[in-house]
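Student: Residue 97 in numbering that gives the first Met the number 0 sits at position 98 of the sequence shown; the count goes up by one each step and never skips. Encoded as structure tokens, here's the structure I'll be asking about.
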Amino acid sequence: MKHTHRPGVLPRTPEDPSAPLSPGTHTITVPHGHARVELRYHVAGSGPVCLAHSGGPGIGWEYLRMPGLEDSLTMVYVEPVGTGDSGRLPDPRDYTVATYAHFLHAVVQHLNVPRFALLGHSHGGFVAQRYALDHPAQVTALVLYDTSPVADEEFWSAAVTAMERFVRRHVEDHPEVADYAATLTTRLGLLDDDGATAVLRTLMPAYLYDYWGREAEFAPARRTLRMYAAPSLGEEPPFDVRDELPLLTPPALVL
Numbered sequence: 000m001k002h003t004h005r006p007g008v009l010p011r012t013p014e015d016p017s018a019p020l021s022p023g024t025h026t027i028t029v030p031h032g033h034a035r036v037e038l039r040y041h042v043a044g045s046g047p048v049c050l051a052h053s054g055g056p057g058i059g060w061e062y063l064r065m066p067g068l069e070d071s072l073t074m075v076y077v078e079p080v081g082t083g084d085s086g087r088l089p090d091p092r093d094y095t096v097a098t099y100a101h102f103l104h105a106v107v108q109h110l111n112v113p114r115f116a117l118l119g120h121s122h123g124g125f126v127a128q129r130y131a132l133d134h135p136a137q138v139t140a141l142v143l144y145d146t147s148p149v150a151d152e153e154f155w156s157a158a159v160t161a162m163e164r165f166v167r168r169h170v171e172d173h174p175e176v177a178d179y180a181a182t183l184t185t186r187l188g189l190l191d192d193d194g195a196t197a198v199l200r201t202l203m204p205a206y207l208y209d210y211w212g213r214e215a216e217f218a219p220a221r222r223t224l225r226m227y228a229a230p231s232l233g234e235e236p237p238f239d240v241r242d243e244l245p246l247l248t249p250p251a252l253v254l
């Protein structure tokens, strides 16, 4: 049945709690070491199943809501562990790509869908690549949105350089961007959630084409963006799956 909810509005409880793909917000419990951690996911739309994982790590899932896709797909938006109303890990060092992939797999098992499309944005694209490499038989298609197969020192240096170019282009008309390059390198783990959110909202214009020309359109989303600090404390080697990319079997759309 096609969903009838307005874009941006989902029922707080599933229409049918016994059906894992019923429209609405669902909560599952995921074993993680000796802990059991609650994880939420949100279902909207109808059609083939597509799971979506937001970026960060630590950005709330809401910005990734895509009502246009819900017209032809059953979208399952994961609310990543460490964000929003999902649970928190006992040890923040455990916020790693492997951990996120583990929690994503718990959602897949709960949904009991043999195959599905997988969309990952930014850091969520790291998770999507890792998951597709570990579970190739289950992923029918990948959408890798503004992400990378590597996030090493060279990658982050290039990101800072790009931000410096953005500042030079726009600082005369928008003096508030003068500190963007320094803000980009803020250690979010030293902040609370409100501080991390402020960093994300400050930098948002740098990530959207013609932000100031469309500010009225983008401003509501900027006000509702949320960032959670603890996931930035995860400890792991730099992400790099370049050598594994030939092993990816599903077709991939790279945006």
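For glycine and all other residues, C-beta sits at the position ideal for the given N, C-alpha and C.
Less than 8 Å between the CB atoms is what I'm expecting for T24 and P47, so what's the real figure, rounded?
Tutor: Your numbering for residue 24 matches position 25 in the sequence shown. Your numbering for residue 47 matches position 48 in the sequence shown. About 21 Å separates the two Cβ atoms, so there is no contact after all.
Student: Roughly how many angstroms lie between the CA atoms of G212 and E175, to the nearest whole one?
Tutor: Taking the sequence shown and counting its residues from 1, the one referred to as residue 212 is at position 213. Taking the sequence shown and counting its residues from 1, the one referred to as residue 175 is at position 176. G212 and E175: Cα-Cα distance of roughly 16 Å.
Student: Whole angstroms are fine: how far does the CA of F125 sit from the CA of P250?
Tutor: Sequence index remark: in the sequence shown, residue 250 carries index 251 (1-based). Sequence index remark: in the sequence shown, residue 125 carries index 126 (1-based). P250 and F125: Cα-Cα distance of roughly 16 Å.
Student: Please classify K1 as buried or exposed, where buried requires at least 16 neighbouring CB atoms within 10 angstroms.
Tutor: On the sequence shown, residue 1 is found 2 positions in, with the first residue counted as 1. With a pLDDT of 38 at K1, under the threshold of 50, the modelled position of this residue cannot be trusted; read the value that follows with caution. With fewer than 16 Cβ atoms within 10 Å of its Cβ, K1 is classed as exposed.
Student: Counting pairs of Cβ atoms below 8 Å between the region 188-206 and the region 223-232, do you hit three or more?
Tutor: Because the criterion of three Cβ pairs below 8 Å is met, the region 188-206 and the region 223-232 touch.
Student: Are the CB atoms of R39 and E69 within a distance shorter than 7 Å?
Tutor: Within the sequence shown, numbered from 1, the residue matching residue 69 stands at position 70. Within the sequence shown, numbered from 1, the residue matching residue 39 stands at position 40. It is not a contact, given that the beta carbons lie outside the stated cut-off.
Student: Under a Cβ-count criterion, where at least 16 other Cβ atoms within 10 Å of its own Cβ denotes burial, should D93 be classed as buried or exposed?
Tutor: Within the sequence shown, numbered from 1, the residue matching residue 93 stands at position 94. Flag for D93 reads buried.
Student: Which residues in the same chain have their Cβ closer than 7 Å to the Cβ of Y210, if we skip the five residues on either side of it in sequence?
Tutor: Residue numbering aside, residue 210 sits at position 211 when the sequence shown is read from its first letter. The residues are P204, F217.
Student: Applying the criterion that 16 or more other CB atoms from any shown protein chain within 10 Å of the CB defines a buried residue, is A127 buried or exposed?
Tutor: As a working note, residue 127 is residue 128 in the sequence shown. A127 should be labelled buried.
Student: Figure out for me which residue from A51, Y208, G59 has the closest Cα to the Cα of S85.
Tutor: For the purposes of this step, residue 85 is taken as residue 86 along the sequence shown, with counting starting at 1. Nearest of A51, Y208, G59 to S85, Cα basis: G59.
Student: Can you tell me where the alpha helix (DSSP H) holding R168 begins and where it ends?
Tutor: Position 169 of the sequence shown holds residue 168. 152-169 is the span of the alpha helix (DSSP H), which, as asked, contains R168.
Student: From A131 to L110, what does the alpha carbon distance come to, in whole angstroms?
Tutor: What you label residue 131 is simply residue 132 of the sequence shown in a count that begins at 1. What you label residue 110 is simply residue 111 of the sequence shown in a count that begins at 1. If you take the alpha carbons of A131 and L110, they lie about 17 Å apart.
Student: Rounded to whole angstroms, what's the CA-CA distance from F154 to T26? Just pull it up for me.
Tutor: Counted from its first residue, the sequence shown places residue 154 at position 155. Counted from its first residue, the sequence shown places residue 26 at position 27. Taking the straight line joining both Cα atoms gives about 35 Å.
Student: Suppose the cutoff is 6 Å on Cβ atoms and the five residues either side in sequence are ignored; what does the same chain contact list for V75 look like?
Tutor: For the purposes of this step, residue 75 is identified with residue 76 of the sequence shown, where counting begins at 1. These residues qualify, in order along the chain: Y40, V42, L50.
Student: I think V142 touches L118, with their Cβ atoms under 8 Å apart; what is that distance to the nearest whole Å?
Tutor: Taking the first residue of the sequence shown as position 1, residue 142 is located at position 143. Taking the first residue of the sequence shown as position 1, residue 118 is located at position 119. So it is a contact: roughly 4 Å between Cβ atoms.
Student: Give the DSSP bridge partners of P30, in chain order.
Tutor: Along the sequence shown, read from residue 1 onward, the residue named residue 30 stands at position 31. P30 pairs with R35.
Student: Can you confirm whether V138, when its beta carbon is compared against all beta carbons of chain C, has any partner nearer than 7 Å?
Tutor: In summary, chain C is missing from the structure at hand, where a single protein chain is found.
Student: Which residue comes first and which comes last in the alpha helix (DSSP H) that contains T201?
Tutor: Residue numbering aside, residue 201 sits at position 202 when the sequence shown is read from its first letter. Run containing T201: 192-202, per the alpha helix (DSSP H) assignment.
Student: Return the residue from the list T201, E243, P19 that minimises the CA-CA distance to R221.
Tutor: Counting from one through the sequence shown, the residue named residue 221 turns up at place 222. It is T201.
Student: Which ranges does the alpha helix (DSSP H) cover as unbroken runs of at least 4 residues, wholly within the region 120-149, from first to last along the chain?
Tutor: List check, alpha helix (DSSP H) in window: 122-133.
Student: When the Cα of R186 is compared with those of D178, G54, V198, which residue comes out closest?
Tutor: Within the sequence shown, the letter at position 187 stands for residue 186. Checking every option, the nearest Cα to that of R186 belongs to V198.
Student: Grab me the residues of Y121's own chain with a C-beta within less than 6 Å of its C-beta, minus the 5 sequence neighbours each way, in chain order.
Tutor: Taking the first residue of the sequence shown as position 1, residue 121 is located at position 122. Sequence inspection shows Ser at residue 121; the Tyr mentioned does not correspond to that position. Hits under 6 Å: G54, D145, T146.
Student: For D239 and R129, what's the separation of their Cα atoms in angstroms?
Tutor: Taking the sequence shown and counting its residues from 1, the one referred to as residue 239 is at position 240. Taking the sequence shown and counting its residues from 1, the one referred to as residue 129 is at position 130. When rounded, the distance between both Cα atoms is 10 Å.
Student: Exposed or buried, R64, counting other C-beta atoms within 10 Å across all chains shown (16 or more means buried)?
Tutor: Translated into the one-based positions of the sequence shown, residue 64 becomes position 65. Buried, by the Cβ-count rule.
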